[in-house]
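Worksheet for the structure shown next.
Numbering (mature numbering (1 follows the signal peptide of the UniProt record, and there is no 0)), first residue to last: -42 to -1, 1 to 389.
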């Protein structure tokens, strides 16, 4: 189950996706050695620069221990991560690698970015002779007294990306991480054994890092297609430009407008669903799903966040719940469920919910769900909504919100009349 985060944003570099080809970054074709080792150079008589790019996954060993390795090249810099198999989710990206790449191979410094102290300390050095189909070399301890052999082989998931990639930009990326002058990418050039096959025009510029291509089977035909983030919008609403590969012509074409309009899309090849987590404002987040219909995509479902009121003892709290996507459908992981014996909550510690005497009544309600069978979506049973009840306040008779609160297995309604400003002279239910 994917749970969207309020602060979630797409990484500026090629990002691993939950499903499909976005996760299988190893699909980049192995570049011909001479081309792969070629440094970034001027692309033409203007001031543009060609920046080599690839992203690959390996599996292998360091000494006797099995590892998974993921690396990306941007210009002459290689960076990524590795983990000792089996890779737990909390350890997968912890051991970071970064270094230089040239015709003699790569030298990478290793850091444990999850360390509680001194996370910038170098914990090892990798030296590998090449980063093609196989990678062999050594790992050395910081003091150089201990070395282990490194032996890696590329992972192959499905069809490989058919071409070598170079980004056409106005300048090389600044490896210092400065956010002042990020390169503007105006095109992607695709090469086959050093021969230019196709140029894809684009207009991409990150905020602090160069956006790099991502790979996803966007039309579920078994071939990796190409995506590039265009700008860093309000996360997670990042616009992408997408090109679809035609295996018959072996060329890329612009994806239809319906797909281009989806920000930060993800792809579920099992259920053949495209989905996105989005933000409409500071206080509204949601998920929308799409399917291919003919030559374009159509929306099939959408859900957005709301405030779920509950009682924590005598304290009135309002829990901000957001939908997630998984197993082919949208659901609210945190919800109130109807069971054979009554109501139950799947919410966590209520102390994390807002406590307010005068909350906004915008999007305040309780959806009550019947759990679905494994692999099936839950069913909405009913919705307990805010109604407005005429009641006495210190400012006279007004219509005040009658709010449903979840209270240990039941719904309890409370009229909020303490704050007259929260009430209305007219009945909002009749407006």
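Every residue, glycine too, gets a C-beta built ideally from N, C-alpha and C.
Under the three-state DSSP convention, the category residue i falls into
{"i": "residue 91", "result": "coil"}
{"i": "residue 227", "result": "coil"}
{"i": "residue 205", "result": "coil"}
{"i": "residue 5", "result": "coil"}
{"i": "residue 309", "result": "helix"}
{"i": "residue 347", "result": "strand"}
{"i": "residue -17", "result": "Because residue -17 sits at a pLDDT of 37, beneath the cut-off of 50, its placement in the model cannot be relied upon, and the following sentence gives the value as read from the coordinates. If DSSP states are grouped into helix, strand and coil, residue -17 belongs with the helices."}
{"i": "residue 387", "result": "helix"}
{"i": "residue 217", "result": "helix"}
{"i": "residue 378", "result": "helix"}
{"i": "residue 328", "result": "strand"}
{"i": "residue 140", "result": "coil"}
{"i": "residue 243", "result": "strand"}
Where residue i falls, given that 16 or more other Cβ within 10 Å makes a residue buried
{"i": "residue 18", "result": "buried"}
{"i": "residue 339", "result": "exposed"}
{"i": "residue 358", "result": "buried"}
{"i": "residue 381", "result": "buried"}
{"i": "residue 228", "result": "exposed"}
{"i": "residue 46", "result": "exposed"}
{"i": "residue 177", "result": "buried"}
{"i": "residue 205", "result": "exposed"}
Check whether residue i and residue j have beta carbons under 7 Å apart
{"i": "residue 186", "j": "residue 207", "result": "no"}
{"i": "residue 300", "j": "residue 254", "result": "no"}
{"i": "residue 347", "j": "residue 360", "result": "yes"}
{"i": "residue 76", "j": "residue 53", "result": "no"}
{"i": "residue 283", "j": "residue 233", "result": "yes"}
{"i": "residue 110", "j": "residue 16", "result": "yes"}
{"i": "residue 51", "j": "residue 25", "result": "no"}
{"i": "residue 20", "j": "residue 143", "result": "no"}
{"i": "residue 242", "j": "residue 262", "result": "yes"}
{"i": "residue 156", "j": "residue 148", "result": "yes"}
Supposed contact pair residue j and residue i - C-beta distance, whole angstroms, cut 8 Å
{"i": "residue 238", "j": "residue 275", "result": "Contact flag wrong, Cβ pair sits at about 23 Å."}
{"i": "residue 376", "j": "residue 315", "result": "6 Å"}
{"i": "residue 36", "j": "residue 11", "result": "The Cβ separation is near 11 Å, so there is no contact."}
{"i": "residue 86", "j": "residue 63", "result": "5 Å"}
Which listed residue (the options) has its alpha carbon closest to that of residue i
{"i": "residue 230", "options": "258, 199, 244, 379", "result": "258"}
{"i": "residue 362", "options": "213, 323, 39, 179", "result": "323"}
{"i": "residue 268", "options": "305, 296, 252, 122", "result": "305"}
{"i": "residue 81", "options": "93, 368, 55, 89", "result": "55"}
{"i": "residue 130", "options": "6, 14, 30", "result": "6"}
{"i": "residue 202", "options": "190, 101, 174, 367", "result": "174"}
{"i": "residue 68", "options": "90, 100, 49, 91", "result": "100"}
{"i": "residue 385", "options": "353, 345, 369", "result": "345"}
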